[in-house]
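Asker:
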Amino acid sequence: MKLFDRYLGRAVIVGSALAMAILVAVNGFVDLIDEVQDVGERGYTLWLALYHTVLEMPQRAYEFFPTAVLLGGLLGLGDLAATNELVALRAAGISIPRLIGSVLATGLLLMAVAVIIGEVVAPASQERAQDLKKWAQGESITLGDTNELWAKDGNRFINIKQIFPGLRLNDVRVYLIDDAQRLVRATFAASAVYRDGQWRMNDVSRSTISHARIVTERRPRESWPRLLSPELFSVIEQKPEHMPAWRLARYIDYLEANHLAAESYELAFWTRFTTPLSSLVMLLLAIPFVFGSLRTGGAGQRLFIGMLIGIAFHLINRALNHLALVYGLDPLLGATLPLLAFLGIGLIAASRTR
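Per my numbering: the sequence shown = residues 3 to 356.
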């Protein structure tokens, strides 16, 4: 890597880091105001609200990453253009395609950072934030208006009334049906906890149903090697867009194996790939402005243009994602169409840069 490659890369990275810090700080302040409303509920204190807000910042950073890279490119490269440093590089014989390639190489590095945040840091931090708040407030996981879970696993239907952090369950019911869709066994457990790779079931009652009679047996405790995968409970606590790709892939396999709707999770899965790629596309979009009409403009003008592009991309992306779910379009198409549209615009604009 040549000296000017590092120079351009440093300008983009510093600008992106500054933009990210501002975006996350502003959003964190708004989140903290929202969290303060829950302070006082049981053990939820102001310090826990602040800690909860900090734990959610990696997820916000991941969501803002494309916009931060766009703003970083406009601000960092814009400053170089405003001081005629880019003009000096071109006068030294470095072509615009070479400069664009150098900037996009930095974009690849930023894209790798986005993947690490989105797949490792943010999911773990978000899960910790959820556990912290539920522990402080002493709540079970909320699963809708009825506050209970229904799951299908082959010929078994599983109903869990309450789920607490630490894989502790209350009022577990498992119904087994045969191929003719007849109920053949119903098992009830007052509580359950996952320990050492097994489910420890307490106060178990099992009724076996046949044409002739119903046989019921009771046991104070049982150990089950299988109820539901522990990973599924972490899926329940997290929104699809907050989950890493590997967890989404496993849950999609589970849903498809049981003939359940998986479109929203498939859409979230593909967006795990398009979000880092969007960072590269946003940087490509910044280049024509730097060499074009914004070359002599101030930082405020570049920031304004960047915010407009970032907001437009965010709104179009969200709209097409929802339309894909509503109208039953391929989730891959819904996730990639906004990216491809802005990529096309960026390539056309970059090709006309002089």
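We treat Cβ as the ideally placed atom computed from N, Cα and C, and that holds for glycine.
1) What are the complete alpha helix (DSSP H) segments, minimum 4 residues, inside the segment 84-171?
2) Can you tell me the Cα-Cα spacing of F291 and L341, whole angstroms?
3) Does DSSP put L296 in a helix, a strand or coil?
4) Using three-state DSSP, classify D173 as helix, strand or coil.
5) Specify whether the segment 114-127 and the segment 61-70 touch according to this definition: at least 3 beta carbon pairs, one from each stretch, less than 8 Å apart.
6) So what does DSSP say about I15, is it helix, strand or coil?
7) Please report how far the alpha carbon of V28 lies from the alpha carbon of Y9, in whole angstroms.
8) With a threshold of 7 Å on Cβ separation, who are the neighbours of A270 within its own chain once the five nearest residues in sequence on each side are excluded?
9) Between the C-alpha atoms of M22 and R228, what's the straight-line distance to the nearest angstrom?
10) Per the DSSP calculation, E219 is bridged to which residue(s)?
11) Taking the alpha carbon of V174 as the point to measure from, which residue in D205, G336 and V186 has its own alpha carbon closest?
12) Take every Cβ of the segment 276-292, pair it with every Cβ of the segment 341-354, and state whether three or more of those distances are shorter than 8 Å.
13) Is the beta carbon of R223 less than 9 Å from the beta carbon of M203?
14) Which value, in whole angstroms, describes the spacing of the CA atoms of V89 and L287?
15) With a threshold of 6 Å on Cβ separation, who are the neighbours of D40 within its own chain once the five nearest residues in sequence on each side are excluded?
16) Applying the criterion that 16 or more other CB atoms from any shown protein chain within 10 Å of the CB defines a buried residue, is V217 buried or exposed?
17) By the 10 Å Cβ neighbour count, where 16 or more other Cβ atoms means buried, how is R320 classified, buried or exposed?
18) Pairing CB atoms from the segment 255-262 with CB atoms from the segment 308-323, are three or more of them under 8 Å?
19) To which residues does DSSP link A188 through a beta bridge?
20) Alpha carbons only, please: which of D198, A263, A259 and M113 is nearest the one belonging to E328?
21) Could you check what DSSP says for Q200 in three-state terms: helix, strand or coil?
22) Does the ligand NAD have a heavy atom nearer than 8 Å to the CB of Y196?
23) Would you call T55 buried or exposed, if buried means 16 or more other Cβ atoms sit within 10 Å of its Cβ?
24) With distances taken between CB atoms, is the gap from I289 to V105 smaller than 9 Å?
25) Hey, how far is the Cα of E265 from the Cα of F159?
26) Buried or exposed: K135, going by 16 or more other Cβ atoms within 10 Å of its Cβ?
27) When you compare only the Cα positions, how much space is there between D181 and K163?
28) Going by C-alpha to C-alpha distance, which of D198, N172 and L110 sits closest to P68?
29) Grouping DSSP H, G and I as helix and E and B as strand, with all else coil, what is A264?
30) Might you give, ordered along the chain, the residues of its own chain that have their beta carbon closer than 7 Å to the beta carbon of E150, omitting 5 neighbours on each side?
31) Would L317 and L73 qualify as a contact pair, given that the criterion is a beta-carbon distance under 9 Å?
32) What does a CB cutoff of less than 6 Å around D7 pick up in its chain, not counting 5 residues either side in sequence?
33) Below 6 Å CB to CB, which residues in the same chain sit around Q128 once its five sequence neighbours on both sides are set aside?
34) Alpha carbon to alpha carbon, what distance is there between R100 and L331?
Answerer: With the given structure in hand:
1) 87-93, 98-118 and 124-139
2) 19 Å
3) Note that L296 scores a pLDDT of 49, beneath 50, so its modelled location is shaky; the value from the coordinates is reported in the next line. Coil.
4) strand
5) Contact between the segment 114-127 and the segment 61-70 is present: three or more C-beta pairs spanning the two stretches fall below 8 Å.
6) helix
7) 29 Å
8) P242, E243, M245 and L250
9) C-alpha separation (whole angstroms): 44 Å.
10) R208
11) Among D205, G336 and V186, the Cα nearest to that of V174 is on D205.
12) yes
13) yes
14) 19 Å
15) Y46
16) exposed
17) exposed
18) no
19) Y177 and S209
20) In the sequence on display, residue 328 carries Val and not Glu. Looking at the Cα atoms, A263 is the closest of the given residues.
21) strand
22) The ligand NAD is not among the ligands present in this structure, which contains no ligands whatsoever.
23) buried
24) yes
25) 21 Å
26) Label assigned to K135: buried.
27) 26 Å
28) L110
29) coil
30) N161, I162 and K163
31) no
32) Cβ neighbours of D7 within its own chain (closer than 6 Å, five residues either side excluded): S104.
33) So the list reads Q61 and H244, once near-sequence residues are dropped.
34) 39 Å
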